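> For reference, the structure I am asking about is given below.
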Amino acid sequence: WGIGNVGPMLIPGGISGPSHSDGICLNSSVWLDGVQILDKGVFIEPKLKELAKKLGK
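In the working numbering, the protein residues as written are -12 to 44.
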């Protein structure tokens, strides 16, 4: 996850910011549209779990 300046290639015209910081969240649990896809950093949604397996994750 990142916060700060969004470059012009991401949003038309970009969003200017005085600084830029990056942060990494390890072992995240993530829900998308009410469906949990990650549990403590591990994909649990079947399709994403299979894709991650193919990538060696």
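We put the beta carbon where it would ideally sit given N, CA and C, even for glycine.
Given the structure is predicted, the values throughout are model-derived calculations rather than measurements.
First and last residue of the beta strand (DSSP E) that includes residue 19?
Its beta strand (DSSP E) spans residues 17 to 19.
> Specify the secondary structure class of residue 25 as computed by DSSP and reduced to three states.
strand
> Starting from residue 37 and walking both ways along the alpha helix (DSSP H), at which residues does that stretch end?
33 to 41
> Determine the direct distance from the alpha carbon of residue 18 to that of residue -12, and round the result to whole angstroms.
Here the model assigns residue -12 a pLDDT of 44, short of 50, so the residue's position is not dependable, and the following value carries that caveat. Spanning the two alpha carbons is a distance of roughly 15 Å.
> Measuring alpha carbon to alpha carbon, tell me which residue in 14, 12, 13 and 32 is nearest residue 21.
32
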